[in-house]
């Protein structure tokens, strides 16, 4: 708590360059690479637009760190600049490099509050000393809210039953299925297939470049009064991964894969045969 008080005393005021409105759903601010939405309606229109639902076949290795996965999997993650920020109206959203929280910053106070932006671990340790202004949102000082749900901003669940990862008989190809969830200022979840391969069993597995399919028929349970959802679909392509968002909501929603759910993925092996990993719940 003493450290927080000392930080508050050290804050200094600087005028932030103002943003101009734009007719586009999203655009870059003048003199900044930060994506800017004029208001909440424009931001929600982006989230609801068909372009925010995409099929990806990365050619490079997939990210394993929390922020990397968030940028790779989610619509909001695709907005983040090198400083992990985007802006809606007069509010700048800045994601912590740790992947454990988000700062909501009043744009006019952005520069004067810089001393807090790398203090998320300290804020989490002192969370009980902060005022919770609404669920998961804590007032740090005037113009600064710290958003913390108790979980990373994204969780990729490599489902452990019955057999989420399969290896071909020759030991050269692997395939795995996952269900991923992201809970935050907007929340989403989806399905994924990932494949690895190697030329011989003396080598380590590397990201594959092979034909894959992903099929799902799942039931999703959500908290916060959100109704049960169902999703069914199928995708195919060539690469090392296919992932698809299946549902999303504004606000803090936790999704759980529920009973009568099936995720089935397949990958083509070196010899032309296919292996599959299937999850039922």
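Numbering (this note's numbering), first residue to last: 336 to 616.
All C-beta atoms, glycine included, are put in the ideal place defined by N, C-alpha and C.
- Item | Span separating the alpha-carbon of residue 536 from that of residue 402 | 32 Å
- Query: How close, in whole Å, do the beta carbons of residue 412 and residue 441 come, if the pair is a contact with beta carbons under 8 Å?
  - Reply: Residue 412 to residue 441, Cβ: 23 Å. No contact.
- Message: Please identify the residue among 429, 434 and 510 whose C-alpha is closest to the C-alpha of residue 446.
- Response: 429
- Message: On the DSSP bridge list, what partners appear for residue 584?
- Response: 522
- Message: From the DSSP secondary-structure annotation, give me the bridge partner or partners of residue 422.
- Response: 371 and 427
- Query: Taking the alpha carbon of residue 561 as the point to measure from, which residue in 400, 545 and 582 has its own alpha carbon closest?
  - Reply: 582
- Item | Straight-line Cα distance separating residue 409 from residue 553 | 19 Å
- Query: Taking residue 587 as the reference, which of 473, 400 and 558 has the closest Cα?
  - Reply: 558
- Ordered list of alpha helix (DSSP H) runs contained in the segment 459-518, each at least 4 residues: none
- Please confirm whether residue 597 and residue 577 have their CB atoms less than 8 Å apart. no
- Nearest to residue 311 by alpha carbon, out of 426, 452, 513 and 382? In the structure as shown, the chain starts at 336 and stops at 616, and residue 311 therefore has no counterpart that could be examined.
- Item | Nearest-angstrom beta carbon gap, residue 405 and residue 434 [assumed within contact, 8 Å] | 7 Å
- Item | Residue nearest to residue 378 in terms of C-alpha spacing, selected from 416, 417, 421 and 368 | 421
- Query: Does DSSP put residue 402 in a helix, a strand or coil?
  - Reply: helix
- Item | Boundaries (first-last residue) of the beta strand (DSSP E) holding residue 547 | 545-557
- Task: To the nearest angstrom, report how far apart residue 384 and residue 542 are at their CA atoms.
- Result: 31 Å
- Message: What residue range does the beta strand (DSSP E) around residue 602 cover?
- Response: 597-603
- Are residue 579 and residue 526 close, meaning C-beta to C-beta below 8 Å? yes
- Three-state secondary structure assigned by DSSP to residue 611: strand
- Query: So is residue 603 buried or exposed if we call it buried at 16+ other beta carbons inside 10 Å?
  - Reply: buried
- Shortest alpha-carbon distance to residue 605 belongs to which of 611, 565 and 545? 545
- Tell me whether the beta-carbon of residue 616 lies closer than 8 Å to the beta-carbon of residue 592. yes
- Task: Starting from the Cα of residue 520, find the closest Cα among 449, 589, 506 and 595 and give me that residue.
- Result: 589
- Query: Do you know whose CA, among 614, 486, 584 and 608, lies nearest residue 595's CA?
  - Reply: 614
- Query: Taking all protein chains shown into account, do 16 or more other C-beta atoms lie within 10 angstroms of the C-beta of residue 507, making it buried, or fewer, making it exposed?
  - Reply: buried
- Limits of the beta strand (DSSP E) - the one that residue 434 falls within: Run containing residue 434: none; DSSP gives neither H nor E here.
- Residue nearest to residue 380 in terms of C-alpha spacing, selected from 532, 585, 611 and 456: 585
- Compute the Euclidean distance between the alpha carbons of residue 463 and residue 611, then round it to the nearest angstrom. 47 Å
- Query: Of all the CB atoms in chain B, is at least one closer than 8 Å to the CB of residue 575?
  - Reply: Annotation note: the requested chain B is absent from the structure, which comprises a single protein chain.
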